Each structure stands twice: as C-alpha cells, then as structure tokens.
Amino acid sequence: MSLFFDLKAEHQDAVLRNSNYLRGIRIHRNAHPEASSQNIASLRGSAGVVSDDLNNVKSGIEVISTSSERDFKYIQHGWTKASVAVQPPGIRVIAEPSKWEFPPAASGTGTGKLVYTTARYLIPRATIRMDVEDLRPTNGFVDSVNVALAQGDRASKLGELRRVFERWGHVITTRFEVGCSLVTTCTEIIPSMEEQQDVEETLQARLSALMRLVQPKDESDKPILLDLSAKGGHTDSLATMDIRSWLSSTGDPSLWRVIRVSEVAPTIDLLDAPLRTAINDLYPSPVYDLPSRISAWKTKCSVETPLNIDVSQSLTISAWVCSGDWNESRRCFLSLESPATPFSIIWLGSYCKDWEKDAPLYAFLAFDSTKEDQVVMNAEVAPQAVVRGAWTHIVFVQRWGEPQHRDKWMLYVNGTKTASKLISSPLPQLPNVSVVVGRGKYKGRKVHGWYGQVENVKVYQHVLSNDEIKAEGDPQRKPLPGDCSVEEQLQPQESRSQLSV
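Mapping to UniProt numbering: the sequence shown position 21 is 21, numbers consecutive.
Rendered as structure tokens:
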C-alpha cells in the first residue's frame, strides 16, 4: 500500500490540491512552468489517481545537466528531461543535441559550451499517476477551443488558440512525485565532457556533505554554503541553513509539494479526435527545431543531432545567421550529413573566392553520394549577399513529386527567392541523417566551421509556402537576447563557443 493512501482523506485532498494535479501548465520559452488558475479537467466516473508504493524508496541526490537555459528553468522545478521535451502544438522546444563537438585545444583556454547543472536532494513521499483517458476536459476549455477554431482564417485561429493555451495551459502532468526537495545549481563554461562530469560530481558531493551535517560528528564540522531553494517543508528555516529544522518538517503531508514531474501530456490530448486533428492541422510541425543560438567567435563550435528525415523527399531548411570576418574560402552554417557519404548531403554557407568581407551565399548539394559536390547553387544577388555583421534569414527548399508544381531546388534570402534549379531527381535517400549546425563535411573531414552565429534553425519534411517563408523571415523580427556584433572592440567576454537562449 502506498504511503499516500495511508493518509487521512483530508490529507490526501490537501496533497492533490497543492500539486495542481487537474490544472494545465503554461509552457513559456524563457520562464519556469506556471500552473493555470483553474482546472482544465476532471476525473471520469469512478476513475481515480493511482499512487505507487514508495515505502522502500530512500532519499537521495540526482544531478542533471543541460545546455538549454529554458530546460534549466524547468529542471529546477523538478521536471525531467523527458517531460521537458514534450512539444504541444504552437510551442517550440529546444532540441537537446545528442553530440557536442569541443575545439581540440579548448581545455584551459576559457572556451567551451555553457552548461547549466542542477543537483536535487529528493525526499519522495508518493508518486501520483493519471491516465489521460480517465480525464474529461472541462466545458470551459472545450468551448474556448471551439470558438478559436470558428475564426475566419488560419492566422485568426492561431491567434485565438494561443490565447486559449495561455489561459488553460499547454500540458497537464500525468505522473509526478510529491514530497520535499532541496535544489542547488551552477552555470559554467565547460570545455570538455570530462570537465562537465567533474562539475556534476563536485556539486553532488557538496550537497551530500551539506546533508550529512544534519548529524555532525564533532564540533569541528562547519556549515557548507550553497545557494539553495526548497520545495515543501518549512522553507523559512533555510534562511539560516537550519537543515535539521527543515528535515523535521518534511513528514507533514500539508507541506508536501511536487518535487519531480516525470510525465506530461499536451492538453489537446484531453479533446476528442476531430478537435485534436483540427488543431494539429494548423501547425506546420518541423522535424527539427533549435530555437536557440550557436555562437562561435574565435573558436569553432558545432552541434550535431540525429534527424528523422528522408532527404529524397520534399524538405525545407530555415535558419537565421550572422557572419564575422572570413579567413578561409568556405564557411558552413548548416550541413545535412550521413555516414554513407564523405561529403555533406546539403551544405549551406558562404563561399568567399576573393576573400571579400561580404561573401555570397552558396548551397552545395551532394547529388552523387559517392563523389565530390556536383551541384552548386549560387544566391549572389546584390544586395542579398550574406553581409558581415547583419542577421540574414536563409531558406533552402527541395520540392519533389508534388502535383501541379515543378520539381526544383530553391534558395531564399530574407524572404526573397534568389536562386532556383529544376531537377530531374531529388537528393539520394541515405541512412542515419544528422543535422549539423556550425560546420560542414568534406572528404570525411569536419571542416568549414562557421565564424559568427546561427539561431532559430528548423527543418521540415515538406515545402513551406511563400507566405510561411516570409513570416519566418519577417524583417521586424528581433534576434534572440545576446550580442550579435562582430566588431572586435564590442565583442563581449562571453563571446566563445556556446549555446544560449
């Protein structure tokens, strides 16, 4: 029997009420998760919550690192990486890279990637689970969705849906643990995986030592100073680092809070199939979305992520880029690659033949995967070149096999089509495709590192319309927070290989 069901009925109600278990959670790009002020669902009929047995689960420390500032803010609040990765309609979730590349000489030079590390001391008391099938959406939520879908055009529907989700929430928690927790964090530029592991072990050891001081061996034990935040228990006692008092309060069910969010579901999963389909059809979902910034000043930085895409079918690649000075002929900001070919399948970047500061945009396409780049698209249309120090929106499109359209490759710069080429066959179908931001691949070598910044990268398994491309390249769009200057005297101290949001 779970400890939860051992509680009195009023204590069970208090635990569930304090967990906001039937409320939607608003997902924000640059803020922590926020519960809606009203319930979005109720339990159907005799359905109820399920609580797992935690009698044998002991308190302990878990450490999680991420290179995403947005993920970091959620992990601090107990979310796991799996729950953070859930992507409801209209919410762009950062794709956590599976592989980072550090400059070979990065160690000790102050370069590397920006890593956010969280250590959590957890005292779990109960795990609460709910099946989405056992939840009924409230009439207010359903009515709001119907009103949004009844709007005249797509833009109006999307605008109204955005307001619906802001009010009711984007996701609902379906599995979470309640109890009490202490959290400490650190943020550092880390040059290698080995040093990242050292940071994690050090933070865990310091938090562990702090908890051991609850029962000091002798008077020589001194308090360890850490910036702590708490969920549950009497948090006031932490102002004086009185860990004993805080621990003594963790047995009170009225003070239990959600300390880990293991599973969430999009709130549209509460709706019936026709409504879900109508909502999903409004959003052109990318197969890859990196709404963050890769910076590579002075050093070369790239990030590689496996991509579930068929490059022999229609596709669209969209990215914002800002370039610095050129000290080699080719600079690649994005490459699609496969172990089956020694060259980039698609290579997007600048090709500076005469060492100009403002270099034209090129796309190199490995039409024959066994040979060197054979097809070149040059988008040098003044003044549409990739201008040094200016943010430029780049889109590559492969259209293939679509009725009433000619098969072609197209390049767009700042919303304008600057190059196109009719094709008789698409790019070859290749296995294990990855998207690489920040470099290219040539004769099996990782080369042509981009000097500058790349952000808001998307890959679609379909062709975006001209209006959608123009919307992505809206000239009124503001770059992400952070420096984008390439003037030497204006480069900030943190201008190094990093990922920032």
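Ideal placement from N, C-alpha and C gives every residue a C-beta, glycine not left out.
What you are looking at is a predicted structure, and each value in this text was computed from that prediction instead of being measured.
- Here residue 70 is buried. Its C-beta has 16 or more other C-beta atoms within 10 Å.
- Taking the Cα positions, residue 199 is about 44 angstroms away from residue 281.
- Secondary structure note for residue 393: its beta strand (DSSP E) is the uninterrupted segment 391-399.
- Collapsing the DSSP output to three states places residue 141 in a helix.
- In the three-state scheme derived from DSSP, where H, G and I count as helix and E and B as strand, residue 119 is classed as strand.
- Counted as a single uninterrupted DSSP element, the alpha helix (DSSP H) harbouring residue 202 occupies residues 193-212.
- Between residue 179 and residue 322, the beta carbon gap of about 46 angstroms keeps them out of contact (Cβ cut-off 8 angstroms).
- Assigned with DSSP and collapsed to three states, residue 303 falls in strand.
- With the rule of 3 Cβ pairs closer than 8 angstroms, the stretch 238-246 does not count as touching the stretch 254-271.
- DSSP, read as helix, strand or coil, puts residue 74 in helix.
- Contact check for residue 67 and residue 123: beta-carbon distance about 29 angstroms, past the 8 angstroms limit, so the pair fails to qualify.
- Partner residues in the beta bridge of residue 39, as assigned by DSSP, are 23.
- When Cβ pairs closer than 8 angstroms are counted between the two stretches, the stretch 195-209 is seen not to touch the stretch 156-163, the count staying below three.
- DSSP assignment within the stretch 247-323 yields the following whole beta strand (DSSP E) runs of 3 residues or more, N-terminal first: 257-266, 288-296, 302-306 and 315-323.
- When the Cα atoms are used, residue 427 and residue 365 turn out to be separated by approximately 8 angstroms.
- Where residue 14 is concerned, there is no enclosing beta strand (DSSP E), although the alpha helix (DSSP H) around it starts and stops at 9-18.
- About 14 angstroms separates the beta carbon of residue 169 from that of residue 279, a gap too long to meet the 8 angstroms contact definition.
- Note on geometry: alpha-carbon atoms of residue 255 and residue 413 lie some 56 angstroms from one another.
- One Cα belongs to residue 136, the other to residue 8, and the distance between them is close to 26 angstroms.
- 83 is the residue among 391, 141 and 83 whose C-alpha sits nearest the C-alpha of residue 33.
- Fewer than three Cβ pairs drawn from the stretch 330-349 and the stretch 401-408 lie within less than 8 angstroms of each other, which leaves the two stretches out of contact.
- Between residue 315 and residue 459, the CB-CB gap stays under 9 angstroms.
- Under a 10 Å Cβ-count criterion, residue 197 is classified as exposed, with fewer than 16 other Cβ atoms of the shown protein chains found around its own Cβ.
- DSSP, reduced to helix, strand and coil, places residue 331 within a strand of the structure shown.
- Scanning its chain for C-beta atoms nearer than 7 angstroms, with the 5 sequence neighbours on each side dropped, one finds around residue 132 the residues 174, 265, 269 and 270, in chain order.
- For residue 347, the closest of 263, 446, 388 and 228 by C-alpha to C-alpha distance is 446.
- Judged by DSSP secondary structure, residue 345 falls outside any alpha helix (DSSP H); it is assigned neither H nor E.
- Minimum Cα-Cα distance from residue 23 among the listed residues 151, 6, 65 and 171 corresponds to 171.
- For residue 230, the enclosing beta strand (DSSP E) starts and ends at 229-231.
- Per DSSP, the beta-bridge partners of residue 187 are 116.
- In the DSSP assignment, residue 414 falls outside any alpha helix (DSSP H), carrying neither H nor E.
- Between residue 25 and the set 455, 36 and 15, the nearest pair of CA atoms involves 36.
- Residue 423 carries a coil assignment under DSSP once its states are collapsed to helix, strand and coil.
- Across the structure, residue 290 and residue 457 are spaced so that their CA atoms are roughly 5 angstroms apart.
- Taking residue 182 as reference, the option from 147, 258, 143 and 157 with the minimal CA-CA separation is 258.
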